[in-house]
Structures are given as C-alpha cells and as structure tokens.
Amino acid sequence: MLKTVTSGLSLMICLCLWLSSASFSQTKPKQGNRPKIGLALSGGGAKGMAHIGLLKLIDSLGIKIDYISGTSAGGIFGGLYAIGYTPDTLKKIALRINWRRVLSNKVPLNQINIEEKDEYDNYMIEFPVTGGRPRLPGALIEGQYISEVLNTLTYPVKHINDFNKLPIPITITSSDIVNGGLVLQHKGSLPMAIRATLAIPAAFAPVYIDGRLLVDGGLDRNFPVQEVKEMGADIVIGGYTGFRLFTEKEIENPMKLIYQTHAFRSVEDSKKQEAMADVVVDFTQALIGYSTADFYQNRRIIEIGENEARKYLPQLIKIAEEQKKYPQESTRRVIEDPKLPVTKITYQNDKGQPLDFPVMEQFAASRLGLGAGKELKVKAVNDGVADIYGTQFFDKVYYTFENNGDSALTMNVRLKQGKPGAFKASVHYDTEQSAGLIVNYTYRNILLSKSRLLATVDLSERFKARFDYYKFINENNRMWLKASFSYQALQNNSILYRLIADENYYNNMMNAELSLGYSLGRSSYVSISAGHENEAIKRGPNLLKRVFGEGNDIRTLYSHSNQAFGLLFRQNTLDNLYFPKRGNSLTIQAKYLVNNRLSTKVPDPDDEKGQSIYQYLNPMDGLPGNIARIFLSENFVKRINRRLSLNASASWGFNYSERYGFESSYMYESAKFSIGGIDGKQDVTQSNFIGLKRAEVGLNSLTTFGFALQYNFKGNFYLTPQVNVGWENRGWNPFNVAFNDDYLFGYGAKLGYMSFVGPINFSVARTNGFDRNPWRMYLSIGFKF
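0 is the number of the first residue of the sequence shown in numbering that gives the first Met the number 0; add one for each residue after it.
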C-alpha cells in the first residue's frame, strides 16, 4: 500500500509540474528606434533546463534582450539571466544543484543543531498533529534548501526591489491559489518571487506575498508571451518546454488520463500565446521521452536544449542582424553588489506580519547571531538562518531585504511556525533483532516555551522506549536542561552466551537521567549528568513463543543497578547519518558509577549450562566497587571525489575499579565496552566492527581501529569494503595488550541503498576466531531506534 501511495504521490507531483510548465506577429517599433526584444520562457519542471540552450544561442549571436517574462522553471533561469548570469554559469548551476535535496524537503545533517541530530531524518513518514491526531501536511516540500539556493544566487541584487531596475527588466508570473487569477510580480524580493512561481500545488508549499497566497503561475499562464509584450517588447522570442497532449494509446494509462483532463486549459492558452510570439523554440517533441520530474537527467536535457535551439538559428540570426542596424549596445550587464549596511532586522511570520510570539522572536534572534548597522555577508546570513532552522522549532526560515531608499537595507527574517506536534513512524528489520514499528510523537513548546517533549516506542519483539524533555534555559539559548528515560529489552548477542548455552537470553536496561548541557555550536555540546541505571539479564522463550503459549518461564539471572555521574562531549559534523560523505563524529565520555548493587540467581544443580552462565555473571572474588570509566570514539569521513569517500574510525576506553584498579577480572555487564555491528546508530560506548553482531563482544577496556572506502556507484547505491581491528587493553594503555596475538580482525563489504523506508544494508564479512564457517551475512532494513 505504501508503494502505491508513494507512486501516486510522484505522479501527483508530475501532474502539478507539467501544469506549471510560435508564428510571426512582429509589432513594429516606433520609427527610428531599435526594436525591443522580449524573451518569454515557459514552465516545464525539469524540462525547463532546456531554456539554457536557447539563452546560450542568444548570447552567442549578440542579441540584446530588453525584457523577460518567466513562469516556474522559466522564472528561475529567466530571473538569473536578468541579473547577469551567463548561460554557461546557469548550466553549471543547474548541474551543481542537489535536485534530490530540492525534492526531498531535507537539508544535510550538518545543518541540524546538535540537540536534534539523533532525531532528524530518522523516520519514514512525518505528519503534523492537530487536536492530538495526525493530519496530512498542507504540502510535501517546504523548500528550505531551494530558498537558500535562490537567496544566495540573487544576493548581489538584494537591494533592488523593483524588477524593472534589474539589468534586464523581468516579470515573473504566479497564481493566487485562494482567490484565483494570474499575479504578475514586478516588485519585492526577487528570490521570493521565483520561489512563488515554483510553488507547485500540493508538492511545494505556497508563498505569501503582499497578503496573497501564491503558487505556480503555470496554473493560469504557462507561457507568458502577452506579459512580455505588455512590458514593451516589439519582437518576442519564446522558449516552450510545457506539456503536450497525450495520444489515444498513452491515455490508456489512467494517471495519464487524469493528466490529460487537467492539461487542456494550459495547452490551449499556450497555443494562443505562441501565436503572439515571433520565434518560438518548441522543445516539446525533442523532450518527449522526459518527464517534468526528470531532474536527474539534467545534463542530457541541457544538451537537447542546446541542439534544439540551433534549429532556429536562421530566425535568430535575422533578429541579430536587425539589431546591428542600430547603434551598438552592450548585450550583457552585471550588477555589482553595493554592499549596503543592514540598519534593521525584523522577525515576521510566513505571511510577512510581525511575529506574535516574543519568546520565539528572541530565540530566533539569538540563534541568528547577527547585528544591525553593518554590511552582512551572504555566508554569515545563510549560516544564521541555518542555525535557526537547525533547531527544528520552525518548519521554514528564510529572509528578504527591503531598500530603505537611504543607502541602507532592512532584513526581514520570516519564520514559519509549524504545528506544535508531529507524528512520525518507521518500519525496520534486521537479522539480529527481528522486525518492528517505531512510533514517535514530538511536541514543541509544551508546558514551557523553548522546549521539546519526545516519546518514542519500538513496537516489536525487542521492545524499546524512550522519553525525554529538554528546555533551553538561558538568554543565548545554548544552555539546556534535559530529563530522559529509556528502556530496552534486546536479544543478548554476547558470544559467550552463545558458546555456553543454546537458549534465549535478553538484556533489559532501564535508565533515568537528568543532564545540564551547553551547545558550543551547531555541531557540538558538552553536558554533565546524574542518573539511575538498572540492567537485568533474563533467560527464557522469546515473546512470540510466550504469546502462542509455548512457555512463560522467564527467569532473571542477573540484576544490577547503580547511580551514575557523567561528563560528555559530543561533536557531529557528518552530512548524513547512514551514508556520510564528509564530516566527523567525536564522542568523549567520563563516567563514575557508584552505589553498585548486584544480585544473581543460583541455577538448579543439574543445569550445567546455567551453572556456567552463573559462574560468568557472579563475582567470585567480590564486587569491584565504584567504577571510573573513560571512553573516546572518533569517526572521520573525507570526500575524495564525487563518488568516493574515505572513512577512518578509532575508539579507546578503559574501566578503573575502586577495589581492583585496572586489573579487575570482573566487571558489571553495563560497564563493559561493546563492539560489533555496522549500523549508523549505536549507543554511546558501542563501537562498530564489521563481521560481529551488535555488542557481540564486551570488554573491560578496548582499542579499535576501522578503515572503509564508500563508493557511491549509482544513485542511492553504495558499496563499502571495510576492515576493523580491535583488542582488550591492559589498563589504560591502548597498545599494551594482554596478549600479543589476542586481537580481533574483521573484514568484508556491505552493499547499501537509501530507500524511502530508510537505509538498507547487506554485508558479507568474517572475523577471526568465530564459528566453523567464519563468513557471516547481515541484512538491515529501515531506520534505527
């Protein structure tokens, strides 16, 4: 069913895209004046990149364009051409833009603040919550990334609020989605006007401009020839990449039939517009094999556009020759950024109205970190906006500029406040812990302002739950107080249990913690904490067997509790949690475990395997007392080229017991460091190790190293060969091992794919000293808890 919904969603986006997606009727100029040349560029989604070919030919012939009108994709490339970008630069921009990010409503993980990184982009579906129930979102894509791109590209002309004062005057078309009708945008914020004409209904969120809710202009006029003539054009050159009507055979497809019923108005109007143009470069037949959503075919579409435009060379040469009869004018003008100071910064809602939530205005201002009275560089502005958005307290954050007319600017920061609650869910499966459904409710500004309440449960045989509440507590909104509770009932993967016994063993862990933290920046924090920890090891049938009445004999073999005081530093600059291409993840933890209480259950005398487990779990020489532990882990990812990334990792940790020092032969199970697993999400003191199950090996102290090469060979597919080596230290010294030949060495490869249900990983690997057949396979599907 999910696949059907996703397919239908894609088709809906395509429908909206093509909805947004000529003859000779030259108007004679006034006698003695050079004829004014207008350029009309249609919408067409991804196919609109073919316009770059037309612009390139126009420039090569030296044709001076006097006016431009554009819709949707035509608004993008027409708008950028109008402010001085050359066609070659536009081509580079179109190839460089991350279209997958444009269409996914996601930003890289390194743009999310450290308090939110563990939760961001970790669910398959997300819906706003109203009245306690999930609701469908108003639009699939808010467009945070594309707004950042447009603001950056147009930053040199941020001081121009009248589009007639651009190097080439431009009109951008939009549609009023509330009252209906075509809206011609001549003034205001250029990037916001472009963003509005891209607002494909139900796909991209609409944009408020001057009190009207605007969407893609293609709903009313996909090919704005009339508009450029009204600007003063005597001769009109048009680029049309819009929709064509399907054939009788094609509409046997029911979705294409629906497209067809909605396309007639757009196609009929475009025919009328073509009749008013002098030269129409019609790309529709050349692009018949491409859809409006084929952004990943950008290179080929641009190439087709260049080839197709050359077919109209004679008509365009005629226009160029006509222009040469008049005094020569520069064909391109580029505006230099005057670098005006910003004298005022205001905070508005997404309708452009004053923000009515003073606490959140102060919150946004502290995160923006910019002051008025000076020139603001685009990088500083984008970083500040990313810092606000990275808190996830707002659905969208963007900005506009107003020219005050006195050589100064006002910067308006627009904040779109989302619904206070969100429902998130994801399915998952792996060969170690079985399948499950993760359900999450997140509420912001509940009970107290600047706060987040989170409740997550994993409804599976291996039940897990987590609840936490944090609140920013100081003026600069960097210090926070957090209360958390977690519970896990996991399959015990320890190799020792598997070698000693053949029954099911489970680790039950329940922790409660209060921490005080300070965010050092978007990607790092330091915190101190105090908490209560409880662990138990149980033996008995799994949940399914108990449900179907095959046994309920659950025995607790081991129970340990303690209080813990911790100091934690975390840094995460990775661009993606599961398939990172750059960045690093660093963890440094110091922890002190006190008031340790332990109880073990003596098995029956004839239970040989139980006796063996009891001897392992029971401290024969007495408890080790309080425990001091240090752990450090670093994962560094370096991008080599577009497809290849290098991943290097290392971890080191040791326990020091009050009674035995470094030489303790016994350690509480929860105090041990564990290694194993290949998934991106691990507990704080767990180290990845290919060829081992998650937490398969537990050690009192450890050192591990890892090396991997991640190759992105196609789309979302990744191939990663990997090696790991690890050993138990003697004390704190990472290279003073207990036995020179007592080490673990794992090697193998994993094939990964980032799907709509989350990451999929399949690995084949081996580790020395395990099993008669040392090669192991592992499959994981979906996001991790």
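Even for Gly, the Cβ is constructed at its ideal location relative to N, Cα and C.
{"query": "Taking only the alpha-carbon atoms, compute the straight-line gap between Ala39 and Ala364 and give it to the nearest angstrom.", "result": "41 Å"}
{"query": "So Phe688 packs on Ile674, CB below 8 Å; how close in whole Å?", "result": "4 Å"}
{"query": "Would a C-beta distance cut-off of 7 Å place Leu414 and Val396 closer than the cut-off?", "result": "yes"}
{"query": "Any chance the segment 663-681 sits against the segment 617-635, with 3 or more Cβ pairs inside 8 Å?", "result": "yes"}
{"query": "Note the first and the last residue of the continuous beta strand (DSSP E) segment covering Leu498.", "result": "That residue, Leu498, is in no beta strand (DSSP E); its alpha helix (DSSP H) goes 494-499."}
{"query": "Counting pairs of Cβ atoms below 8 Å between the segment 601-610 and the segment 135-144, do you hit three or more?", "result": "no"}
{"query": "Rounding to the nearest angstrom, what Cα-Cα distance links Tyr655 and Arg628 in this structure?", "result": "6 Å"}
{"query": "Check for me: the alpha helix (DSSP H) holding Met191 runs from which residue to which?", "result": "189-196"}
{"query": "Can you say whether Tyr295 is buried or exposed, counting buried as having 16 or more other CB atoms within 10 angstroms of its CB?", "result": "exposed"}
{"query": "Would you grab the beta carbon distance between Phe716 and Tyr752 for me? Rounded to a whole angstrom, and I think it's under 8 Å.", "result": "5 Å"}
{"query": "Answer yes or no: do Lys105 and Asp117 have a C-beta to C-beta separation smaller than 7 Å?", "result": "no"}
{"query": "Using 10 angstroms around the beta-carbon of Leu18, count the other beta-carbons present and answer buried if the total reaches 16, otherwise exposed.", "result": "Below a pLDDT of 50, predicted positions are generally treated as unreliable, and Leu18, at 38, falls in that range; the measurement from the model is reported next regardless. It is buried - the Cβ of Leu18 has at least 16 other Cβ atoms within 10 Å."}
{"query": "So, helix, strand or coil for Leu286, using DSSP?", "result": "coil"}
{"query": "Using a Cβ-Cβ cut-off of 6 Å (strictly less than) and excluding sequence neighbours within five positions of Phe761, which residues of its own chain qualify?", "result": "Leu750, Leu778"}
{"query": "Are there 16 or more other CB atoms within 10 angstroms of the CB of Gln327, so buried, or fewer, so exposed?", "result": "exposed"}
{"query": "Going along the chain, which residues of its own chain have a beta-carbon closer than 6 Å to the beta-carbon of Asp386, five neighbours each way excluded?", "result": "Arg366, Arg521"}
{"query": "In the DSSP assignment, find the alpha helix (DSSP H) that holds Trp774 and state where it starts and stops.", "result": "Unbroken run through Trp774 is the beta strand (DSSP E), 774-780; no alpha helix (DSSP H)."}
{"query": "Going by CA-CA distance only, name the one from Asp467, Trp479, Ser493, Asn476 that's closest to Ser485.", "result": "Asp467"}
{"query": "Considering only the beta carbon of each residue, do Val800 and Gly217 sit closer than 7 Å?", "result": "The question about residue 800 has no answer, for the chain in this structure spans 0 to 784."}
{"query": "For Trp726, count neighbouring C-beta atoms within 10 Å of its own C-beta (all shown protein chains included) and say buried if the count is 16 or more, exposed if not.", "result": "buried"}
{"query": "Between Ile176 and Leu212, is the Cβ-Cβ spacing less than 7 Å?", "result": "yes"}
{"query": "What residue range does the beta strand (DSSP E) around Glu532 cover?", "result": "523-538"}
{"query": "Reducing DSSP to helix, strand and coil, say where Ile334 ends up.", "result": "coil"}
{"query": "Write down the C-beta distance between Lys608 and Ile499 rounded to the nearest angstrom, noting that I regard them as a contact closer than 8 Å.", "result": "6 Å"}
{"query": "Spatial neighbours of Gly74 within its chain, please: C-beta separation below 6 Å, excluding the five flanking residues on both sides.", "result": "Ile171, Ile193, Thr196"}
{"query": "In whole angstroms, what separates the C-alpha of Ile159 from that of Asp349?", "result": "21 Å"}
{"query": "List the endpoints of the continuous alpha helix (DSSP H) containing Lys55.", "result": "50-59"}
{"query": "How many Å lie between Thr572 and Asn728 at the Cα?", "result": "29 Å"}
{"query": "Since Tyr591 contacts Ala563 with CB under 8 Å, what's their CB separation in whole angstroms?", "result": "7 Å"}
{"query": "Helix, strand or coil for Val177, going by three-state DSSP, please let me know.", "result": "coil"}
{"query": "Mind checking who Val593 pairs with in its DSSP beta bridge?", "result": "Gln562"}
{"query": "How big is the Cα-Cα spacing for Thr70 and Gly187?", "result": "17 Å"}
{"query": "Is Ile651 helix, strand or coil by DSSP?", "result": "It should be pointed out that residue 651 corresponds to Trp in this sequence rather than to Ile. Looking at Trp651 - three-state DSSP - the assignment turns out to be strand."}
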